[in-house]
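The structure appears below as C-alpha cells.
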Amino acid sequence: MKELLNTIAGKLSGICKSVFVAHAKACIIAGSVVVAGSAATVTTVEYVHHHSSKMQVQAQETEVETETDSNLDKLSEILTETQTESETEIETATQEEIAELVKEAVADENTSSKELYEIIDKAAENSSAPIPVKDVEDLEIVEDNSSEPSREETEVEEPEPDQPSSNDVYEISQLTYGVDVSRWQGDIDWSAVAADGITFAMIKCGGGDDGLYEDRKFQQNIQGALANGIQVGVYFYSGASNAREAYDEASYCISLIRDYQITYPVAFDWELDGDYDSVTEACETFCNVISSYGYQPMVYSNRNRWYNNFDGEKIASKYKVWMAAYFGKFYYDSVRWTYGDDLPNFRYHYDMWQYSSRCYVDGISGQVDVDIAFFGYANYHVDTKDAVLTVTNKEIKRTYGDGIGRLTEELNLLDGVKGINTIGYDMDIEYSIYDESGNEYSEEEAISTAGKYTVEYRFKDPKSGWIKNTAKLEIEVITEEFTGNDIVVKNNTMSKDYNFRTGVSCKNNLGQEAELTGVVIKRVNIETEEEDVLTEQQAIEEKYDFDKYTYVAEYAFNVPGEGEVIKKAAIVRGAEE
Numbered sequence: 001m002k003e004l005l006n007t008i009a010g011k012l013s014g015i016c017k018s019v020f021v022a023h024a025k026a027c028i029i030a031g032s033v034v035v036a037g038s039a040a041t042v043t044t045v046e047y048v049h050h051h052s053s054k055m056q057v058q059a060q061e062t063e064v065e066t067e068t069d070s071n072l073d074k075l076s077e078i079l080t081e082t083q084t085e086s087e088t089e090i091e092t093a094t095q096e097e098i099a100e101l102v103k104e105a106v107a108d109e110n111t112s113s114k115e116l117y118e119i120i121d122k123a124a125e126n127s128s129a130p131i132p133v134k135d136v137e138d139l140e141i142v143e144d145n146s147s148e149p150s151r152e153e154t155e156v157e158e159p160e161p162d163q164p165s166s167n168d169v170y171e172i173s174q175l176t177y178g179v180d181v182s183r184w185q186g187d188i189d190w191s192a193v194a195a196d197g198i199t200f201a202m203i204k205c206g207g208g209d210d211g212l213y214e215d216r217k218f219q220q221n222i223q224g225a226l227a228n229g230i231q232v233g234v235y236f237y238s239g240a241s242n243a244r245e246a247y248d249e250a251s252y253c254i255s256l257i258r259d260y261q262i263t264y265p266v267a268f269d270w271e272l273d274g275d276y277d278s279v280t281e282a283c284e285t286f287c288n289v290i291s292s293y294g295y296q297p298m299v300y301s302n303r304n305r306w307y308n309n310f311d312g313e314k315i316a317s318k319y320k321v322w323m324a325a326y327f328g329k330f331y332y333d334s335v336r337w338t339y340g341d342d343l344p345n346f347r348y349h350y351d352m353w354q355y356s357s358r359c360y361v362d363g364i365s366g367q368v369d370v371d372i373a374f375f376g377y378a379n380y381h382v383d384t385k386d387a388v389l390t391v392t393n394k395e396i397k398r399t400y401g402d403g404i405g406r407l408t409e410e411l412n413l414l415d416g417v418k419g420i421n422t423i424g425y426d427m428d429i430e431y432s433i434y435d436e437s438g439n440e441y442s443e444e445e446a447i448s449t450a451g452k453y454t455v456e457y458r459f460k461d462p463k464s465g466w467i468k469n470t471a472k473l474e475i476e477v478i479t480e481e482f483t484g485n486d487i488v489v490k491n492n493t494m495s496k497d498y499n500f501r502t503g504v505s506c507k508n509n510l511g512q513e514a515e516l517t518g519v520v521i522k523r524v525n526i527e528t529e530e531e532d533v534l535t536e537q538q539a540i541e542e543k544y545d546f547d548k549y550t551y552v553a554e555y556a557f558n559v560p561g562e563g564e565v566i567k568k569a570a571i572v573r574g575a576e577e
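Just so you know, we're using full-length UniProt numbering here: the sequence shown kicks off at 1 and counts up by one.
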C-alpha cells in the first residue's frame, strides 16, 4: 500500500511544478495508503470546457522507507526532475499517469473514504485533467422513489435593523431571478415560466438519499428550460455521508448532465445530518470531481447547516455558495424578492440565495422554491430549430391470419418514425390508431380487424407544444373455410382401406385453395391427459377405446396469404353393428 501511495503522492506533487532543475531534490508530501484492486471501473469523459494550464515536469520516483504504516505525516519521496525536449508530451503522459493512479485507488474496496478524499483533493489541486469517474454500469441505480423535500427546518429570522440592502452590496447587472424544481412540480410550462421573469433554473438531476436515482422529470425539465431560453444549472440531492459515497454521486451526476448545455453551477445539495468532518470531505470530493469536467461547482444547504453541519468557511472559500434562509414576508407570503429588499445575514459570502419556498410562478402548479443569484453569464445562446416528426412509412399494409391468430408479417409502427425537438434532442413518440369513423382502436384490436386506419404520431415539444404526423394503416384479414366431417368409428375399428384425406379441403376467404401438407391423429388419455401421436396407418390399425381415450385428426394446410393453419376433425364412436 505504501508503494502505491508514494507513487500517487509523488505524481501529484511533481506534476504541479513548473521550474526545471538539473539535479535531484527531496520533497516531503502527505498522503494516504491504498491497495490496487478491481472492484469498479472508472472512466474519464470529455471535458465540458477545455483547461489551458500547462504542467511541464516529469517526475521519477524512488521508494522511501517509512517508520510505520500509520505515520502518514512522515511519508517522503525523492523526486527527480529532468529537463526534456518535448514539454507537451510530458504533460500528456503525466496527466494520464495520474488518471491511472486515481483509478487504482478508486477501484480498491480497501481504500478508506478519508484516503480517497485526500487523493482526489490532490488530483484536483495539481492536475487540470478530468478526475476519472465510475461507469454507470458499476453504480447501483434505482428508481426515483424519493420523498418530497420539507423546508420546515429552515430558520425564520427577521432582518436586523442595520441589515444591508441589495443596492448597497451587489451590482444590479449581476442580479438574476430563478427557480429550483424537481419532479414534485409536475409538468411545467417553461414558456410561461420564462414570460414570468425567470432567467435561470436549478433543476434536480437526481439524488443519492434513497440509492442513486435520476429525477423522473429531469430530462423533461432541462429540455423545456433550454428550449425557452432559460439558463440552467443542476443540483444533486445528496445522501452521501463520506467522500467515497460523494464520489459515486459525482460519477452518476456527470453521466446525467454531460449531454446538456449547462451554464449555471452544478450543486451538491446537502440537507441531511452527518459527521462534521466527513460531510465537509463529501462536499469537497463532489465539487472537485465536478470541477474537473469544466462545470462550476456549488454547495447548497440552509444557513443553520452551513454553520453547524460542515466546515462552511472552508467550503465557501473554495466553491460557490447557495444558501437557503427565509425570513419575514418571504416566509409567510408568496412574495417575490425585488431589488432593494433586505438580504439575509450570513457569516460567509454567498452567490445564490433561496429566499422562499412559497412563491407562485406562472407555468408551475402550486408553490415553488425561488432564488436570486448575484452572477450571470453573458453571450448565452441555445440553437433552436423547428421541431420535426418524421414518418418514413406513410402507407402500411399487413395481413392478419385468423387461423394463426397473428399478422403474417411483423409490424412495428415505430419503424422509420423519429422525433427531434426544438433544441435537437430525440423524443419518445406516442401514437394512437383511429378507424375511418374516428373511433380509437388499440393496436391489438386494429391489427386483427379488417379495415383502413389512421395512425397519429405525436410528441410534446418543450417550446412548440404537440408535434404530430400521420400514416395510413390497412389490415386485411385472411380467414379459412374448412370442409370435413367428424370421423365415425364403428365396433372400435376402422376399415382397412379408410383414407383420412378423402373429402377434406380448405380455402381462404379470397377463394384460394389451400394445400394439405400433413395429417396426424392424437390420442389423449382421459384420466392422465397424456397425449400420443399416431400416423395415419397406426390410426387405421388402432383398437379404439373411447372409454379411456379421446381421438382427433389434425390437418395441416398451407393457406395462401396466411401460411400453415391447423384444422381438426373429431374421431367419435359409432353405433355397434
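In this text, a Cβ means the ideal position worked out from N, Cα and C, and glycines have one as well.
So what does DSSP say about Q296, is it helix, strand or coil?
coil
Spatial neighbours of G563 in its chain, beta-carbon cut-off 7 Å, leaving aside the 5 residues before and after:
G401, I404, T408
Residue interval of the alpha helix (DSSP H) (run including A446)
443-447
Pick out whichever of N221, R305, G186, D210 has its Cα sitting closest to the Cα of Q200.
This sequence places Phe at residue 200; Gln is not what is there. Per the Cα distances, N221.
Segment contact flag, the stretch 495-505 with the stretch 455-467, C-beta cutoff 8 Å, min 3 pairs:
no
How is the beta strand (DSSP E) around D461 delimited, first residue to last?
451-461
Cβ pair count under 8 Å reaching 3, the stretch 194-211 against the stretch 339-348:
no
Do you know offhand how far F546's Cα is from G574's?
10 Å
L389 - partner residues in DSSP beta bridges:
G419
I372, buried or exposed, once every other Cβ within 10 Å from all chains shown has been counted against 16
buried
Under the three-state reduction of DSSP, which class applies to S356: helix, strand or coil?
strand
Buried or exposed (CB count within 10 angstroms, at least 16 for buried), G206
buried
Output yes or no for whether 9 Å exceeds the beta carbon distance between Y334 and R305.
Contrary to the premise, residue 334 reads as Ser rather than Tyr in this sequence. Their beta carbons are not under 9 Å apart, which means S334 does not touch R305 by this criterion.
Three CB pairs or more closer than 8 Å across the stretch 522-535 and the stretch 374-381:
no
For R458, which of K543, L389, T449 has the nearest alpha-carbon?
L389
Report the three-state DSSP secondary structure of K567 (helix, strand or coil).
strand
What's the call for residue 580, buried or exposed, on a 16-neighbour Cβ count within 10 Å?
A query on residue 580 cannot be resolved here, the shown segment of the chain reaching from 1 to 577 and no further.
A514 in three-state terms, based on DSSP
coil
Expressed to the nearest angstrom, what Euclidean distance is found between the alpha-carbon atoms of S291 and P297?
6 Å
Y332 - containing alpha helix (DSSP H), residue span
329-332
When you compare the CB positions of D486 and V572, do they come within less than 9 Å of one another, or not?
yes
Can you list, in chain order, the residues of its chain whose CB lies under 6 Å from that of E554, leaving out five sequence neighbours each side?
V520, I566, K568
Thinking C-beta only, is Y300 closer than 9 Å to F268?
yes
Measuring from the CB of C287, is there a heavy atom of the ligand GDP at a distance below 8 Å?
In terms of ligand content, the structure shown is empty, and the ligand GDP therefore cannot be addressed.
Which residue from D248, V361, I475 puts its Cα closest to that of D435?
I475
With a threshold of 6 Å on Cβ separation, who are the neighbours of G239 within its own chain once the five nearest residues in sequence on each side are excluded?
G208, D209
Among F374, S365, I364, which has the Cα closest to the Cα of Q354?
F374
Where V489 and V477 are concerned, what is the direct C-alpha to C-alpha distance, given to the nearest angstrom?
36 Å
Alpha carbon to alpha carbon, how far is S182 from Y276? Give it in angstroms, no decimals.
28 Å
Using only the alpha-carbon positions, how far apart do Y332 and A324 sit?
15 Å
With DSSP collapsed to three states, give me the class of T408.
coil
With burial defined as no fewer than 16 other Cβ atoms inside 10 Å of the residue's Cβ, what is the status of G438: buried or exposed?
exposed
Leaving out five residues on either side along the sequence, give the residues of the same chain with a beta carbon under 7 Å from the beta carbon of T422.
A227, T384, K385, A387, D461, P462, K463, S464
Taking a contact to mean a Cβ-Cβ separation below 9 Å, would you say E481 touches K468 in this structure?
no
Which value, in whole angstroms, describes the spacing of the CA atoms of Y235 and K314?
20 Å
In chain order, which continuous runs of the beta strand (DSSP E) of length 3 or greater are located wholly inside the stretch 254-285?
266-269
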